[in-house]
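Start counting the sequence shown at 160; every next residue gets the next number (my numbering). From the three backbone atoms N, C-alpha and C, an ideal C-beta is built for every residue, glycine too. Nothing here was measured: the structure is a model prediction, and the numbers come from that model. Here is the structure we will look at, set down as structure tokens.
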Amino acid sequence: MDNIIIIGAGNVATHLARALLQSNKKIIQVISKSVTSAQTLGEICNCQFTSKIHEVSDNADLYLIAVPDDSIKEIAEIFPFKNKLLAHTSGSVSMDVLKEITVNYGVFYPLQTFTKNISLEYENIPFCIEASTNENTELLIQLASGISKNIYKIDFKQRRQLHLAAVFACNFSNHMYSIAEDILSHEEIPFDILKPLIQETARKIESLSPKMAQTGPAVRNDKLTITKHLDKLKSFEDYQKIYTFMTQSIQKEQKRK
């Protein structure tokens, strides 16, 4: 599987294109609603680009749909080839959204947070694979194996649960960083001061379970500190609610140890 067409030109599409190029695969075309985005990624891949799905080439071995979840079905419904291998990259959309379009379909889901201009070590990214046939599954596994050493065969039920867990582990934790940055800004303290703490918190779960690694006033049931924190948050009503809920959640979890 050497010739690939990428449908989409956002964060996921851009990183997948770079990863595939590094594994000596050839991107022969990029398609995106945005001509500018299609051109930008097309230039990175040194390939043709277009904003019109009906101009898609029929010369690819794989067509990768890397677009927002709510656009996958729309694109699939106008995909013109009935026997080509078509896969999407979503963690929360069933591969069945493609089954009325082609007999060869699947999911090529990289479990990572992507930002276009932030470099990544692609060889460590978990790739979650599912496909309509054993042959298609093996084709997608082979493709992913050229990028990463972490390959998983995961069905939709598992993938949907994984995506949910990833939202907690990644998106919500990053939102906590944003709240922390805002709280610091009110006393003109730079966010950089927290980075060693954040890094050590992440490092600890390499050797400890998250439950065992948990520290802080909630774990200690330090009521005096918790009360002081809540008092400081009186002018941040939303943050106060989050603090209270998180404290209660941590304490409930500690009781289940």
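- Your pair Val256 and Ala235 checks out as a contact, with CB atoms roughly 6 Å apart and the cut at 8 Å.
- In the DSSP annotation of this structure, the continuous segment of the alpha helix (DSSP H) that includes Val194 starts and ends at 194-204.
- Between Leu221 and Asn162, the gap from beta carbon to beta carbon is short of 9 Å.
- Taking C-beta separations shorter than 7 Å and ignoring five residues to either side along the sequence, the partners of Ser251 in its chain run Asp228, Arg319, His322, following chain order.
- Ranked by Cα distance from Met405, the first of Ala377, Ile306, Asp381 is Ala377.
- Annotation for Ile409: Gln373, Gly375, Ala377, Val378 place their beta carbon closer than 8 Å to its own, counting only its chain and skipping 5 residues before and after.
- Taken atom to atom, the span from the alpha-carbon of Ala176 to that of Glu202 is near 11 Å.
- Between the C-alpha atoms of Leu270 and Tyr264 there is a straight-line separation of about 19 Å.
- Here the stretch 188-196 makes no contact with the stretch 237-252; the two share fewer than three CB pairs at distances below 8 Å.
- For Asn170, same chain residues with a beta-carbon under 7 Å away, outside a window of 5 residues either side, are Phe273, Thr274, Lys275 in chain order.
- Counting only runs of at least 4 residues, the stretch 327-357 fully encloses the following alpha helix (DSSP H) elements, listed from N- to C-terminal order: 332-344.
- Annotation for Lys258: Tyr264, Ser291 place their beta carbon closer than 8 Å to its own, counting only its chain and skipping 5 residues before and after.
- For Ser253, same chain residues with a beta-carbon under 6 Å away, outside a window of 5 residues either side, are Phe315 in chain order.
- Residue range 315-325 is occupied by the alpha helix (DSSP H) that includes Lys316.
- Annotation: Tyr281 to Met335 spans about 26 Å, alpha carbon to alpha carbon.
- In this structure, the beta-carbon distance from Asn242 to Val215 does not fall below 9 Å.
- Annotation for Gln188: the continuous beta strand (DSSP E) segment containing it runs 185-190.
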